[in-house]
Amino acid sequence: MSYAAQALHPPAPGALFAQQPPAAGGTLPAAGQPTDTGRRHIGDVILDVRNISLRFGGVKALTDISFNVREHEVRAIIGPNGAGKSSMLNCINGVYQPQEGAITFRGKTFKHMNSRQVAEMGVARTFQNLALFKGMSVLDNIMTGRNLRMKSNLLLQALRWGPAEREEIAHREKVERIIDFLEIQAWRKTPVGRLPYGLQKRVDLGRALAMEPQVLLLDEPMAGMNVEEKQDMCRFILDVNDEFGTTIVLIEHDMGVVMDISDRVVVLDYGKKIGDGTPDEVRTNEDVVRAYLGTSH
Amino acid sequence: AEQFVPLLVYRTGQFAPLGIPWADGKQDYLKLINARDGGVNGVKLVFEECETAYDAAKGVECYERLKGKGTGASGFDPQSTGITFAVTDKAFNDKVAIQTMGYGLSQSVDGTVFEWNFPLLGTYWTAADVMIQDILKKEKGNLKGKKIALVYHDSPYGKEPIPLLQKRAAKDGFELVMFPVTPPGVEQKSTWLQIRQQRPDYVLFWSAGVMTPAGIREAQASGFPREKMYAIWWAGSDHDVKDIGAGAKGYNAITIHNSAARDKVHDDLKKFVYDKGQGTASDASQVGVMAHTRGMMISMLQVEAIRAAQEKFGKGKTLTPEQVKWGFENLDLTPERLKALGFGEIMRPVKTSCSNHMGTDWARIVQWDGGKWNITSDWYQADQALIDPLVKEMSAKYAKDKNIKPRSC
Amino acid sequence: MGFFLETLFGGLMAGMLYALVALGFVLIFKASGVFNFAQGAMVLFAALAMARFSEWLPQWLGFESRFLANVLAIVLAVVVMIGVAWLIERLALRQLVGQEPIALLMATLGITYFIDGAGQLIFGSATYKIDVGMPKDPMILFEDVFQGGLLLSKEDLYAALVSALLVASLSLFFQKTATGRALRAVADDHQAAQSIGIPLSRIWVIVWSIGGIVALVAGIIWGSKLGVQFSISLVALKALPVVILGGLTSVPGAIVGGLIIGSGEKLSEIYLGPFLGGGIENWFAYVLALGFLLVRPQGLFGDKIIDRV
Amino acid sequence: MQVAATPSPSATARRDFLDVNGIEVIYNHVILVLKGVSLRVEEGSIVALLGANGAGKTTTLRAVSNLLHAERGAVTKGSIALRGERIENLTPASLVERGVIQVMEGRHCFAHLTIEENLMTGAYTRTDGRAAVAETLEKVYAYFPRLKTRRTSQAAYTSGGEQQMCAIGRALMANPRMVLLDEPSMGLAPQIVEEVFEIVRDLNTKEGVTFLLAEQNTNMALRYADFGYILESGRVVMDGPAAALRENEDVKEFYLGTGGEGRKSFRDVKSYKRRKRWLA
Amino acid sequence: MLYRENGQFKQSYHADLQIFPVLQDRVAIQLLLVLAFVAVPFVASDYAFRAILIPFLILSLAAMGLNILVGYCGQISLGTGAFMAIGAYAAYNLQVRIDGMPLLVALIGGGLCATVFGVLFGIPSLRIRGLYLAVATLAAQFFTDWFTNRVPWVTNNSSSGSVSVRELSLFGMAVETPAQKYLLCLSIVVVFGLLCKNLVRGAIGRQWMAIRDMDVAAAVIGIRPVYAKLSAFAVSSFVVGVAGALWGFVHLGSWEPAAFSIDRSFQLLFMVIIGGLGSISGAFFGAAFIVLLPLLLNYVPHWLGLPLSTATASHLEHMIFGALIVFFLIVEPHGLARLWLTAREKLRLWPFPH
Ligand SMILES: Nc1ncnc2c1ncn2[C@@H]1O[C@H](COP(=O)(O)OP(=O)(O)OP(=O)(O)O)[C@@H](O)[C@H]1O
Ligand SMILES: Nc1ncnc2c1ncn2[C@@H]1O[C@H](COP(=O)(O)OP(=O)(O)OP(=O)(O)O)[C@@H](O)[C@H]1O
Ligand SMILES: [Mg+2]
Ligand SMILES: [Mg+2]
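Residue numbers (this note's numbering), protein chains in the order written: chain D, 1 to 297; chain P, 1001 to 1409; chain F, 2001 to 2309; chain Z, 3001 to 3280; chain U, 4001 to 4354.
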């Protein structure tokens, strides 16, 4: 199939990444690759957070938090505002350095994570307060996600010669698939700053997907969307999870979404863990109900 | 017939207070020649100003713009050392004279190499030499063990006197200490504190623009006697000291003209130009200030070069730049001639030649008494024994760098 | 020892003079998030107005008194600076609400050109005099303690006092008044400030007026020291390391930065300069500032640079 | 749980508070976003503005509050009137003086100011004295206790939800007559969302404050609003009393997620192909 | 209606990735190049070459280099003059100290020295950001001013501290006439323009922009701030250094340190901003605006025959220039390049308003 043909005919749902060549860097999970959609086997612990504490001056954002994430699962983190959910993600991908505790990823333990290392290990992330590159187009934003995999050096790029050009096109092809997948073709060349909020969230997701991550950290990906859009977003997330086996860590305030799509839920309150378990367990946990869910649910 | 004279000026920017009367003087004299004499042997002088703001790049643009006007520019007075550097090379190709009275490259005195440059009446080496001579005189001929400081604008302009002063220091046995001041020099406290610490006997002050009042103020504030300061001519204009008034009392400056004097040319200017309301300066009282007179002298030299060239190439004809250059090279302003021109009281005679593009190098010292400049010394002439070898050495280096074959004169 | 102290004091005094100009930058930055490139031009403009009015007024009104001339000239110059602020708001800032700081910086550059041109067109480009009776001669202290005594410039001392006073009052204004708070809000987010009803136009006229008045004070002090002429706008360059070292958003920072830069550059020039060939104080000031910034990237007292995701 | 729209106390005396008539908005001189939007907000009512991402809700609110200018947008057609007075050419500040205040999408707290300073700037236009302002401040703290505990932190260092509360609280500090709320529920925990809407209702019934809110949480919005408008691609495609909208099949399907055979699990929604809109 | 891209289907990503994907643009740019290379050398006067075209080209090049740093990577630099100076003095030293040094090698060598210097002064950018970074670059500026003034070696022991270059030749051909110099500059500018464009639209360009727009997020997706920032400093100062060498060698011929003073730095920064941050063509627009407009304004009183004095004219020129800057910013705060894009977008729709 020519490039053009691929661009013009979006892959059928589920075909995303299907034609993935065995990419360098072991992006495809070796074990547990699904042969069939919808039958994920949840694997071993891939990410283990141990006794994390994080303080900002007097503010205790996180106190002694431990939980783990298993391969291929959808793990939700919930909790009231200011509970420390975003801070937790920030610790995992090295934006914040917790004062205490350690994080184990695929058997390797880190006291401090460094953003680049984390990215190289295959962890991608979306942000609560959009952190898109405002001055760049949708396409370029998502292309930055491919950055880690682009190898040609500065000189080759300046000359845009042979390998550099081929590489650019190869990655462009991948990115186009993500664009198709997220259904944002029409905005390909629009500067992201001009997009409405909801679409920006999608681009943010696209950028993270472009990294072909093993673990995807999503910080309120559905804030500011209506039900229909949330449904779309859920599909995107579940598809990535199903098809590709990507492990998902999700922060979300919409309980409907959390209860429906997550396998296990951690509940934080004032920086402390107050609950951990399957959606049903959490739903009935008294502490959780008091601190977060309230009586209306 | 018409002869075109380009006027590069700076009436704006940092150095405007000096540039304005200077530019006025240049233009006024040309107007005078047209009004009084009907031009040079009937050839009317046409001129156009171009504003450089003392910026080399702008200066180059002005030069390019004006060099081809009319039958070509009669000669450029760039009014800036930086612009002089920038256009010197171009002049070789364009064959147009660059006259730099009292500034420019000191080695360009050597006409065999610098065919197109005319540092008429003196260079910074002249100035430095004369200052030392005056100090020598005050110190009764003995400078052994004395300390002389050079406080200078840290730019090529400020650095020009250094090679000569070093020679002089070796010869006369004084110690030379140097204090560069980073332009623009609005703040010189550390310099003057160092001077207070090192207590030099004299300070030579190679300053420009706002650096001058700032330096004098700082000298006052740190108690350095102004009588022991010698300023270069660009730091010895009326506007430099007027507002400081008594604070600058005793401040010495060197000049290549008899700045305090008024001569016939001033009267003529009043009669033929200002009384007809055609003066360039906004205020007739500007006529006679040092920079204005200097401007008139520059234009006078330009006009005399044209006149001299007309003698050779045809009276009443419009000349090419190259022909005017011949005039610059063959100036001979005798005392009688100067008197006739109305400059007899103001300057000394000049005679240039193919090899000597400076002509003469008379200079004298004036002193500010709190209200006006007074002449305090006789005319000095720079020590050729010292300067000549330096000129030869440096121009030879230039010739080598630039692949110029010195012409024989 | 005496000489060291003299240098130190000299530097501190020079620093206060820088601070005076730096204050103008800080003020406008703090209150509108704009790095006002035109501050130097405003100093020039204000000083020109002051110098020329004090010369013209006695001629126009036919009186002799120097004192009266100065007082009237100051009043008139203040009025002029407020007018300038009003015009700037009307013609430039108002149209650029919500734009990125860099666009506003650029606009202030346009304003610089305009003010430079206008100032010299109206008031002339020669050197003019401001004489508010600042004492010029030095005083010598502790003659019995140190050989040669300690030389101190009275003029600088006055100037230092004035800047200290200005800083104190402006600090209070920012921290304690509702307008001060509104000004800081505007600096953070123009749009949000608008959305809660802070009238940007009025705020900007206020800020730029205060900026103009601070420029006038700086202009008077520097002008009486150097004479008033285009070069006076270049003192802004000396104020740059001061502002940045002190922190772009801190009024007291301007003073502390000034003191550090002033004394640092003098000491370096005198004690280090001779080994390096002299004339190092200019870049040394920046290197000094750089050294501090490496420890505190937001300047000594500046608001912390916020990056959160 | 079904909550009927509470009738406003002065239902009979209602008159048009805000009247937006056929406005067209263009960004950057070339991007046409609103294509003739008209809506009316009666005094003392709560009106919801619904629609997908990019439909133009935010733009509509900006047009009303005159914050478009700063975004390089302009109303090129139509008119906006507040109590019969044309307001297109007023500054945002004079609108606030008339009691109309907007809570901007995306929080926009003053990053370097503390939470309390943020709130206090909200009272900039107040002229009724310190005591009254202090009283309002206490009221806001009572609404959002979380803010009180964080009162001295710089706004930039608070969590997303805290910033949202701060933005809403800041607007309330102005004692407004009408609030334009842009996605108030975004990023708030469910409990707080509920609280915010309770606050809205509270202010509406007790103090007669009018609300125009753009919301994605359709469920909530329609539960509390009196009237709703649905925007698609810059046009109003449907409007009506909130109760009626809630019953509309299309609204149920696309906005409430309860169309057809009731609520579907997010896990089971299979097709993520964008459905054809009824009008777009 | 002329400017329509309807019907121009891109059949491959390669086609879509062209610098000028729209046919009309390609034709226009080709015409422009032909004009610049073939027609201009025949019609332009000496004055036009030496006072307008050559400075314009060189400053565009410098602005292009600076734009990479400021516009693409978001690092404010007020030290451009210094980087130009390093380029110029390094090239000068290569030329005087090594016999038979080819001109191009000297120019490139100047650029490389500037690169080293740029990276050195770029190191603080790893910690200091925004306007505060200006201090580091200002330090570079003032240090270079001092260094070129005070260290005699730099100027080959010229007593006055000013230097001048020998006549230029390229592959054995003398570059003497203004037209030759112009063609030399033009070729270099075109080549560098192409290289820069390639960089900024490639992976490294995206890294720079990512760092500019949100460095924390960039780090999270695996972009190394160290590499991105320093490479921007390196590329930028290389281009600026070459421009500096050209400025010294081709435009000035001989110069003093003041030729690369802080004024030049500011001037270049303004070109970049008014031209359009983050756009290669912006550099050209900006250079044209900042360099050519004052010249133009300068001529206006002449053309109109207004009897203005030089000073008045110059002050008025300043005022008009300042007012125009503000005016253009109000019309389009993102610079002339964006204004141009908007105009094109309108043209695309023309004659319909939307
Ligand atoms: N500043 C701007 N410049 C250009 N276009 C803009 C700008 N702001 C918004 N738009 C465009 O206007 C359209 C409507 O945007 P608006 O923000 O009003 O949508 P919205 O309904 O609020 O969406 P959301 O629910 O995602 O916030 C979008 O297509 C968007 O791309
Ligand atoms: N960089 C920081 N400096 C100071 N305090 C911080 C910082 N980051 C987070 N905090 C504080 O830590 C607490 C937890 O914040 P966090 O953003 O993790 O909350 P959250 O659970 O994501 O809440 P929300 O649902 O509202 O987004 C908050 O009180 C916040 O103010
Ligand atoms: Mg959060
Ligand atoms: Mg919106």
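Glycine residues also receive a C-beta, built at the ideal position from the N, C-alpha and C atoms.
- As far as DSSP is concerned, residue 223 (chain D) takes part in no beta bridge.
- Listed in chain order, the alpha helix (DSSP H) elements of length 4 or more contained wholly in the region 3203 to 3266 of chain Z are 3218 to 3224, 3242 to 3247.
- Environment of ligand 4, chain-ordered: D:196, D:197, Z:3057, Z:3058, Z:3105, Z:3182, Z:3183, Z:3214, taking every residue with Cβ within less than 7 Å of a heavy atom.
- Collapsing the DSSP output to three states places residue 2063 (chain F) in coil.
- When DSSP states are grouped into helix, strand and coil, residue 3041 (chain Z) belongs to the strand group.
- Under the 7 Å criterion on CB atoms, residue 2181 (chain F) is classed as interfacial with respect to chain Z.
- Z:3098 is the residue among Z:3098, Z:3188, Z:3195 whose C-alpha sits nearest the C-alpha of residue 2196 (chain F).
- For the set U:4294, U:4132, U:4229, the Cα lying nearest the Cα of residue 4078 (chain U) is the one of U:4132.
- By the Cβ-count criterion, residue 4144 (chain U) is buried, with 16 or more other Cβ atoms from all chains shown falling within 10 Å of its own Cβ.
- Residue 2163 (chain F) and residue 2018 (chain F) have their C-alpha atoms some 9 Å from each other.
- Against residue 2021 (chain F), chain Z offers no close residue; the least beta-carbon distance is about 24 Å (beta-carbon pairs closer than 8 Å).
- Of the other Cβ atoms in all chains shown, fewer than 16 fall within 10 Å of the Cβ of residue 2135 (chain F); this residue is therefore exposed.
- Cβ-Cβ distances below 6 Å link residue 122 (chain D) to 213, 214 in the same chain, with the five nearest sequence neighbours on each side left out; the list follows chain order.
- If you check the C-beta of residue 82 (chain D) against ligand 2, you find a heavy atom less than 6 Å away.
- Between residue 1382 (chain P) and residue 1361 (chain P) the beta-carbon gap is near 5 Å, inside 8 Å, which marks them as a contact.
- Interface with chain Z (7 Å Cβ-Cβ cutoff): residue 208 (chain D) is excluded.
- Under the three-state reduction of DSSP, residue 4263 (chain U) is assigned to helix.
- When C-alpha distances from residue 1233 (chain P) are compared across P:1244, P:1163, P:1158, P:1225, the shortest belongs to P:1158.
- Its chain contains 42, 247, 263, 264 as the residues whose beta carbon lies nearer than 7 Å to that of residue 73 (chain D), once the 5 sequence neighbours on both sides are disregarded; these appear in chain order.
- In this chain, the beta strand (DSSP E) harbouring residue 59 (chain D) covers 59 to 70.
- Secondary structure within the region 3064 to 3118 of chain Z: the alpha helix (DSSP H) runs of 4 or more consecutive residues, fully enclosed, are 3092 to 3097 (chain order).
- Sequence-distant Cβ neighbours of residue 4158 (chain U) in its own chain, meaning closer than 8 Å and more than five residues away, are 4152.
- Close to chain U, meaning a Cβ-Cβ distance shorter than 7 Å, are the following residues of the region 1147 to 1167 of chain P: 1154, 1155, 1156, 1159, 1160, 1162, 1163.
- Contact with chain F is found for residue 1239 (chain P), since one of that chain's Cβ atoms lies less than 7 Å from the residue's Cβ.
- The three-state reading of DSSP puts residue 161 (chain D) in coil, since its state is none of H, G, I, E or B.
- For residue 231 (chain D), the distance from the CB to the nearest heavy atom of ligand 3 is not below 6 Å.
- Residue 3248 (chain Z) and residue 4197 (chain U) have their alpha carbons spaced roughly 54 Å apart.
- At least 7 Å separates the CB of residue 2259 (chain F) from every CB of chain P.
- Its chain contains 3024, 3234, 3235 as the residues whose beta carbon lies nearer than 7 Å to that of residue 3035 (chain Z), once the 5 sequence neighbours on both sides are disregarded; these appear in chain order.
- Straight-line spacing of the CA atoms in residue 3198 (chain Z) and residue 261 (chain D) works out to 29 Å.
- Assignment of residue 1361 (chain P) by DSSP, reduced to helix, strand and coil, places it in the coil class.
- Separation of residue 1047 (chain P) and residue 1004 (chain P) (C-alpha to C-alpha, rounded to the nearest whole angstrom) is 6 Å.
- From the beta-carbon of residue 2153 (chain F), the residues of chain P found nearer than 7 Å are 1221.
- In chain order, 1156, 1159 make up the part of chain P whose C-beta sits under 7 Å from the C-beta of residue 4161 (chain U).
- Among the bridge pairs identified by DSSP, residue 171 (chain D) is matched with none.
- Its Cα nearest to that of residue 202 (chain D), the residue D:127 stands out among D:53, D:79, D:127.
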